[in-house]
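Chemist: Basically the working numbering = 1-based index in the sequence shown + 32. The beta carbon of each residue, even a glycine, is placed where N, CA and C say it ideally should be.
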Amino acid sequence: MEDLYMKKTFNSPEVEFTADSGELSVEGRSIPEDPGEFFERLISWINEYFLAPAEKTNLSIKLEYINSGSSKYMLELLRIMKINHDAGKDVRIKWYFEEGDESIQELGQHYEQTIQLPFEHIEFY
């Protein structure tokens with residue numbers, strides 16, 4: 033399976049999904065004009081990836097900002113992770129938030145409670 037890399041822009045985060053290692057990362061601002069189009073590539077890749085995943089899958093999310101349209105799709109992506117975790121796959125979520133950024137910190141807590149999958153919350157400076 034090919035890896036997925038999407039370069040960071042002003043409106044969209046950098047995406048780096050590496051199939052062999054199971055290391056998946058999303059980092060930056062998520063305010064694309066068409067969040068459905070942007071996230072469809074991620075969701076499609078993840079669905080294919082979980083047909084034959086790495087031994088361990090680590091999803092690292094480090095957002096500066098996310099709008100409501102993107103938030104809906106991010107939740108969908110996290111639900112796919114939860115489904116695969118419940119099916120016995122080793123799935124881990126790392127949620128990064130900048131010191132003092134309560135909105136991103138609370139969003140991570142909200143996602144964690146909504147999908148019922150433990151997150152590792154990591155504050156950075």
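Quick check: the stretch 76 to 86 against the stretch 96 to 107, are there 3 or more CB pairs under 8 Å?
Modeler: With a cut-off of 8 Å, the stretch 96 to 107 and the stretch 76 to 86 do not count as touching, because too few Cβ pairs lie within range.
Chemist: In the stretch 85 to 156, which residue ranges form an unbroken beta strand (DSSP E) of at least 3 residues, counting only runs that do not cross its ends?
Modeler: Taking only runs of at least 3 residues, the beta strand (DSSP E) segments lying wholly in the stretch 85 to 156 are 88 to 98, 122 to 130 and 151 to 156.
Chemist: Note down the Cα distance separating L139 from E108, rounded to an integer number of angstroms.
Modeler: Rounded to the nearest angstrom, the two C-alpha atoms are 14 Å apart.
Chemist: What span of residues does the beta strand (DSSP E) with E49 cover, start to end?
Modeler: Here the sequence assigns Phe to residue 49, which means Glu is not the residue at that position. Where F49 is concerned, the enclosing beta strand (DSSP E) stretches over E46 to T50.
Chemist: When DSSP builds the beta bridges, which residues end up paired with E34?
Modeler: Looking at the DSSP assignment, E34 forms no beta bridge with any residue, so it has no partner.
Chemist: Using the three-state DSSP reduction, which class does L56 fall into: helix, strand or coil?
Modeler: If DSSP states are grouped into helix, strand and coil, L56 belongs with the strands.
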